[in-house]
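Peer 1: What follows is a structure written as structure tokens; I'll ask about it next.
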């Protein structure tokens, strides 16, 4: 089955389904004006819970490496199914390198061919991804509630060593939402292998930015602490606002 999902003057998207895998082919120019179009196409493709979603970007012209962040954005949409693997394909080595530099490869693998991506789908389907999500209230009580839930989830997933650093990270994220937005924070925790990802979404489009260090003295801003304690972190725009996330692993244990 093959369909043309969406098209515009500079971006064309087509999708087909093979062996329960949705394959999206993107052609043309990817820029800020079309990133939401591709992001939403990927998000919708996960909703029917296919074995995986493969996005072939071999014919995509991306002038600014920052545009690749849309794939991280698709990953953190509130309605994206986290248990559906998203896989990228590019025949161009320079493009694969650019995707890796952007940090996208931390969340979805990149292959040089669709055939290689299809072979990887079976392995990705066997991965043990544990995840939970909850919507909190725009109230200071959410700080305590979020910590309780993180402790409970990571304990149930047999990751007690990650609990101390996860509690610090989630406290910073929730505190920032309460202080800087009027949003009800949505918290998602995912655990795969030895790592866990803590993500908090809100309805503000203003990105979370680490404040510059003071000329003298100790940098004690919340995001500076997250930066020091996590493997990587970021602030990613979504269709409803943004998601701030951090990946922690065994090397981040306190």
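In UniProt numbering, the protein residues as written are 1 to 254. Note that CB positions come from ideal geometry on N, CA and C, so glycine has one too.
Among 176, 189 and 178, which one has its Cα closest to the Cα of residue 156?
Peer 2: For the purposes of this step, residue 156 is taken as residue 156 along the chain shown, with counting starting at 1. The shortest Cα separation from residue 156 among 176, 189 and 178 belongs to 189.
Peer 1: Buried or exposed: residue 43, going by 16 or more other Cβ atoms within 10 Å of its Cβ?
Peer 2: Position 43 of the chain shown, counting from 1, holds the residue named residue 43. So residue 43 ends up on the buried side.
Peer 1: Give the secondary structure of residue 188 by DSSP, where H, G and I count as helix, E and B as strand, and everything else as coil.
Peer 2: Translated into the one-based positions of the chain shown, residue 188 becomes position 188. Of the three classes helix, strand and coil, the one that applies to residue 188 here is strand, per DSSP.
Peer 1: Leaving out the 5 sequence neighbours to the left and right, which residues in its chain are closer than 8 Å to residue 65 when beta-carbon positions are compared?
Peer 2: Within the chain shown, residue 65 is the residue found at index 65, counting from 1. 98, 101 and 102.
Peer 1: Over what stretch of residues does the alpha helix (DSSP H) that includes residue 74 continue unbroken?
Peer 2: Start at 1 with the first residue of the chain shown, and residue 74 comes out as number 74. It spans 69–75 - the alpha helix (DSSP H) in which residue 74 sits, taken as one unbroken run.
Peer 1: Considering just the uninterrupted stretch of the beta strand (DSSP E) at residue 12, what are its terminal residues?
Peer 2: Reading the chain shown from its first residue, position 12 is the one you call residue 12. Element bounds for residue 12: 11–18.
Peer 1: Tell me the residue span of the alpha helix (DSSP H) that contains residue 245.
Peer 2: Your numbering for residue 245 matches position 245 in the chain shown. Unbroken run through residue 245 is the beta strand (DSSP E), 241–248; no alpha helix (DSSP H).
Peer 1: Is the number of C-beta pairs between the stretch 237–250 and the stretch 192–209 that are closer than 8 Å three or more?
Peer 2: Output reads yes: the stretch 192–209 touches the stretch 237–250.
Peer 1: Rounded to a whole number of angstroms, what is the C-alpha to C-alpha distance between residue 19 and residue 119?
Peer 2: Along the chain shown, read from residue 1 onward, the residue named residue 19 stands at position 19. Along the chain shown, read from residue 1 onward, the residue named residue 119 stands at position 119. Each residue's alpha carbon lies about 11 Å from the other.
Peer 1: Can you grab the Cα-Cα spacing for the pair residue 55 / residue 145, in whole Å?
Peer 2: Here the question's residue 55 lines up with position 55 in the chain shown. Here the question's residue 145 lines up with position 145 in the chain shown. Computed Cα separation, rounded: 37 Å.
Peer 1: Let me confirm a value: residue 69 is counted as buried when at least 16 other C-beta atoms fall within 10 Å, else exposed. Which label applies?
Peer 2: On the chain shown, position 69 is the one that residue 69 refers to. Buried, since its Cβ has 16 or more Cβ neighbours within 10 Å.
Peer 1: With distance defined between alpha-carbon atoms, name the residue in 96, 148, 28 and 166 nearest to residue 233.
Peer 2: Taking the chain shown and counting its residues from 1, the one referred to as residue 233 is at position 233. Comparing Cα-Cα distances from residue 233 to each of 96, 148, 28 and 166, the minimum goes to 166.
Peer 1: In chain order, what residues of the same chain lie with their CB nearer than 7 Å to the CB of residue 134, ignoring the 5 residues before and after it?
Peer 2: In the chain shown, residue 134 corresponds to position 134, counting from 1. Same-chain partners within the cutoff: 149 and 187.
Peer 1: Compare the C-alpha of residue 238 against each of 77, 121 and 32 and name the closest.
Peer 2: Here residue 238 is taken as the residue at index 238 of the chain shown, counted from 1. Closest by alpha carbon: 77.
Peer 1: Count the other C-beta atoms from every protein chain shown that fall within 10 angstroms of the C-beta of residue 208, then say buried if there are 16 or more, exposed otherwise.
Peer 2: As a working note, residue 208 is residue 208 in the chain shown. Result: buried.
Peer 1: Just list the residues that DSSP pairs residue 111 with in beta bridges.
Peer 2: Locating residue 111 in the chain shown gives position 111, counting from the first residue. Note: residue 111 sits in a beta bridge opposite 89.
Peer 1: Identify which residue in 249, 12, 15 and 80 has its Cα closest to the Cα of residue 161.
Peer 2: As a first step, residue 161 is located in the chain shown; it is residue number 161 there, counting from the start. With distances taken between Cα atoms, residue 161 lies closest to 249.
Peer 1: Closest to residue 137 by CA distance: which of 87, 31, 203 and 96 is it?
Peer 2: Translated into the one-based positions of the chain shown, residue 137 becomes position 137. Nearest C-alpha to residue 137: 203.
Peer 1: Could you tell me which of 82, 113, 159 and 91 sits nearest to residue 132, measuring between CA atoms?
Peer 2: As a position in the chain shown, residue 132 is number 132, starting the count at 1. Comparing Cα-Cα distances from residue 132 to each of 82, 113, 159 and 91, the minimum goes to 82.
Peer 1: State the beta-bridge partners of residue 24 as determined by DSSP.
Peer 2: Position 24 of the chain shown holds residue 24. DSSP lists 15 and 55 as partners of residue 24.
Peer 1: On the DSSP bridge list, what partners appear for residue 235?
Peer 2: The residue labelled residue 235 in the question sits at position 235 within the chain shown. In the DSSP output, where bridge partners are listed per residue, residue 235 has 244.
Peer 1: Looking only at its own chain, which residues have a Cβ that is under 7 Å from the Cβ of residue 80, when we skip the five neighbours before and after it?
Peer 2: Translated into positions along the chain shown, residue 80 becomes position 80. Cβ neighbours of residue 80 beyond the five flanking positions: 43, 46 and 74.
Peer 1: Which value, in whole angstroms, describes the spacing of the CA atoms of residue 171 and residue 143?
Peer 2: Here residue 171 corresponds to residue number 171 of the chain shown, with the count starting at 1. Here residue 143 corresponds to residue number 143 of the chain shown, with the count starting at 1. Distance between the alpha carbons of residue 171 and residue 143: 6 Å.
Peer 1: Checking the sheet assignment: what are the DSSP bridge partners for residue 61?
Peer 2: In the chain shown, the residue the question calls residue 61 occupies position 61. 29.
Peer 1: Going by alpha carbons, who is nearest to residue 151 out of 168, 50 and 140?
Peer 2: Sequence index remark: in the chain shown, residue 151 carries index 151 (1-based). When only C-alpha atoms are compared, the closest one is 168.
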